[in-house]
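Engineer: Dropping a structure here in structure tokens format, bear with me for questions.
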Amino acid sequence: MRPCFHPIECVIPEHMLESIATHGTSAQRQAALNNIRVVYQLRAERAMRASFKGLFDSAIPRAINNEKERVIYDAMRRDVLPGTVARREGDAPSSDPAVNEAYDGGGATYDLFMKEFGRNSIDNRAMRLNASVHYRTGYDNAFWDGAQMVYGDGDEDLPTDERLFNRFTIAVDIIGHELTHGVTQFEAKLVYSQQSGALNEHMSDVFGSLVKQYQLQQSASEADWIIGGGLLTENVNGIGVRSMKTPGAAYDDPVLGKDPQPAHMKDYVNTVSDNGGVHINSGIPNHAFYLAALEIGGYAWKKAGRIWYTALRDKLSENSDFQQCADLTHQTAGELFGNGSLEQQAVKNGWAGVGLTVGGDAEPKGCFEAALRFIGAT
Amino acid sequence: MEVERIKFERTGGFANMRIAADLDVRDLSDEQAVTLKELLDELDFPELPAKLTSSEPIPDEFTYTITVEAEKWQHTVITGDTPEDEKMQELLGLLNGLARKQMRKQ
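Chain order of the listed sequences is A and B. Residue 33 is where the first sequence starts when you use my numbering, and the numbers rise one by one after that. Residue 4 is where the second sequence starts when you use my numbering, and the numbers rise one by one after that.
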């Protein structure tokens with residue numbers, strides 16, 4: 033497959049959608065019109081949020097003492113959020129392991145961001161960390177809904193020998209992953225589609241893995257760089273859902289299939305599924321981060337993590353693509369550690385290891401075909 | 004509503020494990036087939052917009068693609084995990100269960 037170097041705005045510029053809607057086949061026209069509709073709905077939503085920013089902002093629940101404040105809810109296997117309060121900040125541990133895992137994992141994530149990066153919670157203004165466990169039955173997922181974390185119990189509704197997933201609070205990096213979606217929402221606001229979406233996923237995997245490494249006090253060479261370790265049951269042939277060290281090698285199973293992540297731009301996957309492969313192509317920047325952190329050595333959150341956090345906070349924007357992320361992390365490394373420093377060289381080498389040259393040609397190629405593919409018209 | 008086949012796919016989610024099934028309605032139990040047809044009727048499925056996801060995607064949310072085939076028509080709908088319509092939620096729950104069952108048999 034040919035690599036696609038497009039941010040979303042390039043993939044579907046309005047004039048191209050208009051051209052497809054005017055000259056395309058009936059199916060292409062319909063797809064283009066649907067896309068135009070979605071783009072305008074998004075714009076209206078953003079405009080409303082911008083106009084009433086103060087109101088939306090004041091509705092965010094924040095810690096009273098400007099410190100860490102967690103509230104874990106039990107959704108009681110229903111789909112109504114947040115559910116019933118199960119443990120508040122400072123409460124003794126619950127008898128429910130999922131409640132404690134959500135509490136401890138939220139705390140570990142808060143601590144990494146606060147102590148290492150000086151960030152006070154998701155919004156940097158002491159946003160309360162709300163999480164709900166036991167969401168629905170047989171719910172094999174965890175997600176950030178824009179205001180809180182939500183965790184399912186896996187496929188606990190199936191007989192033991194058929195279960196594929198354990199509860200989603202079981203791995204601390206999943207908790208760090210979900211909370212980082214919140215951080216991204218307040219900072220770079222990476223659009224959850226195509227390359228910017230894969231970067232959104234990438235940032236969540238990076239800081240999810242760093243929370244685990246921080247908790248275990250592991251150096252880059254000691255860490256396993258697995259996302260979701262312990263999540264898959266013993267019925268599955270796999271060690272986790274993603275590997276930053278070896279993307280594509282986390283699992284290979286008769287029921288789940290094989291880990292589809294590429295580790296290099298030459299294997300970039302063009303797809304309309306999964307919001308344009310956001311959980312697939314994230315393997316590429318994930319591996320670049322791993323390579324950079326390994327070359328720098330020591331605790332990965334100290335230098336590589338600081339570079340990535342600073343880039344996420346100050347440099348990346350809604351439609352950033354992989355090339356821009358490579359250039360901006362390289363630039364950030366220079367600002368933090370000096371131009372030509374070992375750290376900056378390691379970042380450059382990390383990106384080179386996945387096929388991206390820092391300062392390289394980001395000129396879009398094959399834009400029209402990519403646009404047709406993106407809107408599902410081919 | 005007389006339908007023949009239903010193709011169902013779930014993508015995305017934190018683990019991004021794809022669930023997909025191609026269901027022949029004749030292979031379902033009578034009870035399942037009746038429930039399915041009632042839900043499709045109540046949703047007026049052929050008239051639903053192709054995309055029910057209107058707001059910004061939620062990180063790690065599942066995306067579902069449902070294609071219903073009848074003798075004279077077929078229609079595909081893409082939706083997120085938390086559609087407002089309770090009937091759509093019921094349909095997703097039913098198809099999810101049937102798909103997981105079919106995948107385990109293979």
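All C-beta atoms, glycine included, are put in the ideal place defined by N, C-alpha and C. Since this is a predicted model, take the numbers as computed values, not measurements.
Are any of the Cβ atoms in chain B nearer than 8 angstroms to that of Glu194(A)?
Structural biologist: Yes, because at least one Cβ of chain B sits closer than 8 angstroms to the Cβ of Glu194(A).
Engineer: Strictly by DSSP, which residues pair up with Leu264(A)?
Structural biologist: Answer is Phe197(A), bridged to Leu264(A).
Engineer: Using a Cβ-Cβ cut-off of 8 angstroms, state whether Ala18(B) counts as contacting chain A.
Structural biologist: It does; some Cβ of chain A falls within 8 angstroms.
Engineer: Identify the residues that DSSP records as bridge partners of Gln77(B): which are they?
Structural biologist: Answer is Glu72(B), bridged to Gln77(B).
Engineer: Which same chain residues end up closer than 6 angstroms to Glu395(A) when comparing Cβ atoms and leaving out the 5 residues on each side of it in sequence?
Structural biologist: The pLDDT assigned to Glu395(A) is 45, lower than 50, so where the model puts this residue is not dependable, and the model offers no usable value.
Engineer: Taking the alpha-carbon of Tyr246(A) as reference, which of Arg119(A), Phe149(A), Ser275(A) has the nearest alpha-carbon?
Structural biologist: For Tyr246(A), the nearest C-alpha among the options comes from Phe149(A).
Engineer: For the beta strand (DSSP E) containing Tyr167(A), name the first residue and the last one.
Structural biologist: Element bounds for Tyr167(A): n/a, residue is neither H nor E.
Engineer: Helix, strand or coil for Phe17(B) per DSSP?
Structural biologist: Looking at Phe17(B) - three-state DSSP - the assignment turns out to be coil, as it is neither helix nor strand.
Engineer: Whose Cβ in chain A lies nearer than 9 angstroms to the Cβ of Thr66(B)?
Structural biologist: Correct list: Ser305, Asp306, Asn307.
Engineer: In the DSSP assignment, the beta strand (DSSP E) including Phe175(A) goes from what residue to what residue?
Structural biologist: Element bounds for Phe175(A): 174-176.
Engineer: If you measure from the beta carbon of Ala174(A) to each beta carbon in chain B, is any gap under 8 angstroms?
Structural biologist: By this cut-off, Ala174(A) is an interface position.
Engineer: Would you kindly check if the distance between the Cβ of Asn173(A) and the Cβ of Ser225(A) is under 8 angstroms?
Structural biologist: Not in contact: Ser225(A) and Asn173(A) (Cβ atoms no closer than 8 angstroms).
Engineer: Interface residues of chain B around His319(A) at Cβ under 7 angstroms?
Structural biologist: Ordered by position in chain B, no residue passes the 7 angstroms Cβ test against His319(A), which lies about 17 angstroms from the chain.
Engineer: Is Thr57(A) helix, strand or coil when you go by DSSP?
Structural biologist: Here Thr57(A) sits in coil by DSSP.
Engineer: CA-CA distance, Ala343(A) and Thr212(A)?
Structural biologist: Approximately 14 angstroms, taken between the alpha carbons.
Engineer: 8 angstroms is my cut-off, CB to CB: does Phe84(A) come that close to chain B?
Structural biologist: Closer than 8 angstroms: no.
Engineer: Taking all protein chains shown into account, decide if Ser58(A) is buried (16 or more other Cβ within 10 angstroms of its Cβ) or exposed.
Structural biologist: Label assigned to Ser58(A): exposed.
Engineer: Name the two residues that bound the continuous beta strand (DSSP E) containing Asp27(B).
Structural biologist: Unbroken beta strand (DSSP E) run through Asp27(B): 22-27.
Engineer: Just to confirm my understanding: we take His133(B), look at its own chain, exclude 5 residues before and 5 after, and list those with CB closer than 6 angstroms. What are they?
Structural biologist: In the structure as shown, chain B begins at 4 and stops at 109. Residue 133(B) is therefore absent and cannot be evaluated.
Engineer: Less than 8 angstroms between CB atoms is the rule here; does Asp25(B) satisfy it with respect to chain A?
Structural biologist: Taking Cβ atoms only, chain A never reaches closer than 8 angstroms to Asp25(B), which makes this a no.
Engineer: Excluding the 5 residues preceding and the 5 following Arg195(A) in the sequence, name in chain order all residues of the same chain whose CB lies nearer than 8 angstroms to its CB.
Structural biologist: Cβ neighbours of Arg195(A) beyond the five flanking positions: Gly186, Asp187, Glu188, Thr265, Asn267.
Engineer: Kindly indicate which residue of Gly96(B), Ala36(B), Lys108(B), Glu12(B) has the alpha-carbon position closest to the one of Gly170(A).
Structural biologist: Of Gly96(B), Ala36(B), Lys108(B), Glu12(B), the residue nearest in Cα terms is Gly96(B).
Engineer: Give the DSSP-derived three-state secondary structure of Gly280(A) in the structure shown.
Structural biologist: It is coil, neither helix nor strand.
Engineer: Tell me which residues share the same chain as Leu222(A) and place their Cβ nearer than 6 angstroms to its Cβ, disregarding the 5 neighbours each side in the sequence.
Structural biologist: Excluding positions up to five away in sequence, the list reads Thr216, Ser228, Leu231, Asn232.
Engineer: Ignoring anything shorter than 4 residues, give me the alpha helix (DSSP H) runs that lie fully in the region 225-252 of chain A, in order along the chain.
Structural biologist: 226-248, all fully within the region 225-252 of chain A.
Engineer: For chain A, is any of its Cβ atoms less than 8 angstroms away from the one on Gly83(B)?
Structural biologist: No, Gly83(B) lies away from the interface with chain A (no Cβ there is under 8 angstroms from its Cβ).
Engineer: If you compare alpha carbons, which of Gly382(A), Thr201(A), Arg160(A) is closest to Phe175(A)?
Structural biologist: Minimum Cα distance to Phe175(A) is reached at Thr201(A).
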